[in-house]
Amino acid sequence: MTWHSYLLFCGASLVLCMSPGPDMVYLLSRCVAQGRRAGVVAALGINTGSYVHLTAAVTGLSAILATSALAFSIVKWIGAAYLVFLGVRILIGHAKPLQIGTAGLKGASLRAIFLQGFLSDALNPKVALFFLALLPQFLPAGSTHRVRDLLMLGMTCIVIGLVFNLLLALASAWVTQGLRRRPRATAALQKGMGAMFVGIGVSIAAEHA
């Protein structure tokens, strides 16, 4: 894998982490309700849940690789098409303001917060689809160590996510106020994610045209 491809993947992972979603809402809500320490524990739980999706993605993609190179190419094309579809839907859709609050959120022990963060991520089907669709697009052509490359890409995404979420928890007060006062920032992040997905899908199509 070239450095250019790897850095592109890092950029895509960062934009994905920055895009508002259920995990971000949960993390920031815990910060607002119980402080930064609770937010850090929530971030660790969310990060741990990502390993469930990485294991499932690598296991499934490895099985397809072992069965047929053609089948893996088909999965890769389906993943690229899914990214384009998802990106277009985000770009033409109307982003809703990010709702961050503590209504109905009871105080919980750090253990319970970690478990809730883990389940928030592990049970999110969109995260699973992201891993399955995104990872194959950055596998180097002709690589003889594709399982290793899949693991490296997946771990890179998880580490970027962990660092981002920890920083988000530490800067929770500033971030929460900013997102509430500037709903356009939330919309811009979502549009950026949509453009990124379309760009990845189109680049895959152009590469094999």
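Per the numbering used here, the sequence shown starts with residue 267, numbered consecutively. Glycine residues also receive a C-beta, built at the ideal position from the N, C-alpha and C atoms.
As assigned by DSSP and simplified to three states, the class of residue i
i	result
H319	helix
A475	Reliability fails at A475, whose pLDDT of 48 lies under 50, so the model's placement of it is uncertain and no value is given.
T268	coil
P288	helix
G460	helix
G465	helix
L389	coil
G301	coil
A378	helix
S334	coil
A347	helix
A329	helix
T422	helix
S279	helix
Cβ pair residue i, residue j closer than 7 Å
i	j	result
V324	L417	yes
M479	V281	The question about residue 479 has no answer here: the residues shown for the chain are numbered 267 through 475.
R296	I379	yes
G315	F384	yes
Y272	S386	no
L381	V307	no
Whole-Å CB distance - residue i paired with residue j, under 8 Å assumed
i	j	result
N390	P288	6 Å
Y348	L310	Contact flag wrong, Cβ pair sits at about 29 Å.
Same chain, Cβ closer than 6 Å to residue i, five either side skipped, listed in chain order
i	result
S279	C423 and I426
V413	S328
Proximal residues to residue i (C-beta, below 8 Å), its chain only, five neighbours per side dropped
i	result
V468	V350
F463	L349, V350, L352, G353 and I356
G326	L398
A475	For A475, the predicted model reports a pLDDT of 48, less than 50, meaning its position is unreliable and no value from the coordinates is stated.
G420	L320, A323, V324, F397 and L401
W269	none
H411	none
L434	M290, L293, L294, G305, A309 and V441
Residues of its chain near residue i, where Cβ-Cβ distance is below 7 Å and the 5 sequence neighbours each way are ignored
i	result
I330	A337, F338 and V341
V429	none
A322	A394
N313	I424, G427, L428 and N431
L436	R302
C276	T422 and I426
Cβ-heavy atom distance, residue i to the ligand ADP, below 6 Å
i	result
T410	Ligands displayed in this structure: none; no statement on the ligand ADP is therefore possible.
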